[in-house]
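Number of protein chains: 2
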Amino acid sequence: MAICYHQSSLKLSSSYPLPNLFIPKSQSQTLTLRCKNLSSVSSSSTTLVTEPEPIFTSVKSFAPATVANLGPCFDFLGCAVDGIGDFVTLRVDPQVHPGHIPISHIDGVGDSSKKLTKDPLLNCAGIAAIAVLKMLNVRSACLWAAASVLRMIAAAAAAVAVNEIFGGHLSVSDLVLAGLESESKVSGYHADNVAPAIMGGFVLIRSYDPLEFIQLKFPPNLEEKDLLFVLVNPEFEAPTKKMRAALPMQIPMRDHVWNCSQAGALVAAVLEGDLKGLGKALSSDRIVEPRRAPLIPGMEGVKKAAMEAGAFGCTISGAGPTLVAVTDDEEMGREIGDRMVEAFMEYGNLKASAMVKRLDRVGARLKKKKKKKKKKKKKK
Amino acid sequence: MAICYHQSSLKLSSSYPLPNLFIPKSQSQTLTLRCKNLSSVSSSSTTLVTEPEPIFTSVKSFAPATVANLGPCFDFLGCAVDGIGDFVTLRVDPQVHPGHIPISHIDGVGDSSKKLTKDPLLNCAGIAAIAVLKMLNVRSACLWAAASVLRMIAAAAAAVAVNEIFGGHLSVSDLVLAGLESESKVSGYHADNVAPAIMGGFVLIRSYDPLEFIQLKFPPNLEEKDLLFVLVNPEFEAPTKKMRAALPMQIPMRDHVWNCSQAGALVAAVLEGDLKGLGKALSSDRIVEPRRAPLIPGMEGVKKAAMEAGAFGCTISGAGPTLVAVTDDEEMGREIGDRMVEAFMEYGNLKASAMVKRLDRVGARLKKKKKKKKKKKKKK
């Protein structure tokens, strides 16, 4: 059954949502958020407005990277990939001045790390963290903070970290809303990265007002064949403005029907575990990819190389320049990756790196947690 | 798993496919095709080109009616509905002049029957019959014939009848191709009526060159809840030209993304047996329905009445004027139908009739068959 979550408090952005910007450039991002020790805040289950207290003194969360804009499923379907993503460490820290959640450091993102602000009010992880605190009704002044640029996945990790440190009261729907609040401030009002980062697997965003999404359950592996993504990342800064400007404002009816049918085929392939069908649908976009491909040097040759090496399909991941190919065999996945890297050099004169990743079926989760020591309670 | 059929011999029509025209106005259509007694044609399994001989002296086939243009799935997804459709009776008749397959009579289609030609070369059933004969490599001159206008489902019935009378050698893919040949000559090159009519259930047309379609398996009934279609047909001749002209040539990107996501949601709902989700997606078209609805008097009020009566969703069936609503309860289905009929009178000043139908999961099939008497064979 489809899992649908409704939240009526959202407002739809009035402008057309911008494309997703997630580019998996490095293996992990560690954001450290600190908040004031909240153990003094009383928790009461009898009042309508319950303010929870932290149950851990620190947590470390992980959110998997995502691949959005999946071919014909531009702007409404994304999936999470295993073994790559962002980490957020959150600590209860009595030294922190109330009203602040300073971000102590950001690391592991290579060149892009320099661009990430540590200002919690502007950093994507900070914005998501604050949104979760508001949802949890944590009123302590120290819990205001916030957000940044590329790495929206840190928002998912931060949302989960804050929720878990306070006992995990929120639903995934709430966490997606928190991530969406972050994404809307940083890159645009779309949830096709943050939803799969939080929930894992494939997630179809059905509507924003109310927010409603469907988790598409990819079947368990059959006959040792697994869905594998080959992610090839060229050393090339995608011209974001051009990538956005390349999107057509109007779509011919014929292309609309074609892409719609391919999107339907992709959804069917996911639900039925049809890897070849998934690859085929992924490769079939006639609207976005043809316009963005010329902006990625060598893209056409790289896609051709992927297909010739046996990939079931290949397209741009997110807004590029990373390309994603699909296969069912790890050895072949590495071969496809090698051919794509070579082709990036041959046709685009770009260095590139490849990795082969599985579908992440879990989504954002805690990796470490440190429990609070129990205080002796006075019996009434 | 998705079932995909490939046929590389097809050519894509160069113009944008016209909308589907099937309007379920009456319960059945009987076409009688006659062909020459073929028992004298020798059958040889040893030659490369095998010409089969008929194994029945007569057959009666049935093809279920279909609902196409399912909301956001305009022009690429249709389904078959049970207990309503077309019949074709086919007889081996030595009296018929070689080179002809006369259609003896067409009945049961009310006013529209007058418009259906008995000329087998122009009648949809005739064209499909001829296409099947060609595929079967039946070279007898008598087997050239047939086709007509509205009722494309007769083409499906005819294709199955001819195939079965010769022993059923063709695949469903071939039969769909035969139906498609008929449809392309009569109303346009699209298979979202003829494919579900032949295969039953929901069929997504993925491409035409090569022809490729995916049968979306709707799960068996759960907890006695079944997918029910409420079909409400007003006494109103839909202005076909206006219906076609109402289609936009260009789609705003925002509407394209919306409809694509709803199409994906509809496919997911079908595969997961999520009746509410199916209804919701059905109701969510922002491209075709808003433009065609004003051409059907009272449509807006009728849809509203359906939803208020508890329908999960409601949209135009095919190109109209029939409306289709979805529910999971037969009693409620009748109630929804009554409210829709009343609303057609109230808001559109139109008489209308309603019926509640289940999904046809089988597709076109033989209803009757009469076996040939075996001739005594001389032993060599």
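Chains A and B supply the protein sequences, listed in that same order. So the first sequence is residues 184 to 563, counted in my numbering. So the second sequence is residues 184 to 563, counted in my numbering. The beta-carbon is built from N, C-alpha and C at its ideal position, and this holds for glycine as well. Just so it is clear, the structure is predicted and the values come from calculations on it, not from any experiment.
Separation of V369 of chain A and Y391 of chain A (C-alpha to C-alpha, rounded to the nearest whole angstrom) is 17 Å.
In this structure, F259 of chain B lies near L387 of chain B, with their beta-carbon atoms less than 8 Å apart.
By a beta-carbon distance limit of 8 Å, D521 of chain A contacts A537 of chain A. Their separation comes to about 7 Å. For the C-beta of S444 of chain A, the chain B residues within less than 9 Å are, from N- to C-terminus, C256, D258, F259, L260, L387, I388, R389, S390 and A446. Not flagged as an interface residue toward chain A: L394 of chain B, since no C-beta distance is shorter than 8 Å. One thing to note: G484 of chain A has its Cβ within 8 Å of the Cβ of A526 of chain A. In this structure, A:R475 is the residue among A:R475, A:A492, A:I519 and A:P480 with its C-alpha nearest to the C-alpha of A502 of chain A. CA-to-CA, the gap between G266 of chain A and V343 of chain A works out to about 17 Å. Any Cβ of chain A closer than 8 Å to the Cβ of A451 of chain B would place that residue at the interface, and such an atom is present. For A421 of chain B, the CB contacts under 8 Å within the same chain, skipping 5 residues up- and downstream, are I206, L478, I479, A502, G503 and P504 in chain order.
Look at the segment 426–491 of chain A and you find these whole runs of beta strand (DSSP E), each 3 residues long or longer: 433–435.
The beta carbon of M490 of chain A does not come within 8 Å of any beta carbon belonging to chain B, so the residue lies off that interface.
For L316 of chain A, the enclosing alpha helix (DSSP H) begins and ends at C307 to M318.
Residue environment analysis places K540 of chain B among the buried positions, since at least 16 neighbouring C-beta atoms fall within 10 angstroms of its C-beta. Residue environment analysis places K554 of chain A among the exposed positions, since fewer than 16 neighbouring C-beta atoms fall within 10 angstroms of its C-beta. Using a CB distance cut-off of 8 Å, P379 of chain B does not count as an interface residue toward chain A. At least 8 Å separates the CB of M426 of chain A from every CB of chain B.
Q278 of chain A is classed as exposed because its beta carbon has fewer than 16 other beta carbons within 10 Å across all chains shown. Counting only residues of its own chain and dropping the five nearest sequence neighbours on each side, I434 of chain A has a CB closer than 7 Å to the CB of I470. When DSSP states are grouped into helix, strand and coil, I289 of chain A belongs to the strand group. Chain-order list of chain A residues neighbouring P403 of chain B: empty, with the shortest C-beta distance near 14 Å, by a criterion of under 8 Å.
One alpha carbon belongs to K552 of chain B, the other to F270 of chain B, and they sit about 13 Å apart.
Under the DSSP assignment, Y391 of chain A falls in the beta strand (DSSP E) whose first and last residues are F385 to Y391.
DSSP places G266 of chain B inside the beta strand (DSSP E), whose first and last residues are C256 to V275. In the three-state reduction of the DSSP assignment, K243 of chain B falls in the strand class. No Cβ of chain A is located within less than 8 Å of the beta carbon of M382 of chain B. Within 10 angstroms of the beta-carbon of A494 of chain B lie 16 or more other beta-carbons, which makes it buried.
Under the 8 Å criterion on CB atoms, V524 of chain B is classed as non-interfacial with respect to chain A. For P431 of chain B, a Cβ of chain A is located within less than 8 Å of the residue's own Cβ. Residue pairing of V509 of chain B in beta bridges, as defined by DSSP: B:F412 and B:G496.
Taking the Cβ atoms as the reference, V345 of chain A lies roughly 14 Å from E234 of chain A, outside the contact range of under 8 Å. When the Cα atoms are used, D543 of chain B and A340 of chain B turn out to be separated by approximately 14 Å.
The shortest CA-to-CA distance from A492 of chain A to any of A:M482, A:I499, A:V509 and A:R548 is the one to A:V509. Leaving aside the five residues that flank I381 of chain B on each side, the residues in its chain whose CB is nearer than 8 Å to its CB run, in chain order, A246, A339, A342, V343, V355, L358, V359, G362, G546 and A547. For A547 of chain B, no alpha helix (DSSP H) encloses it, and the DSSP letter there is neither H nor E.
In chain order, F257, D258 and F259 make up the part of chain B whose C-beta sits under 7 Å from the C-beta of V440 of chain A.
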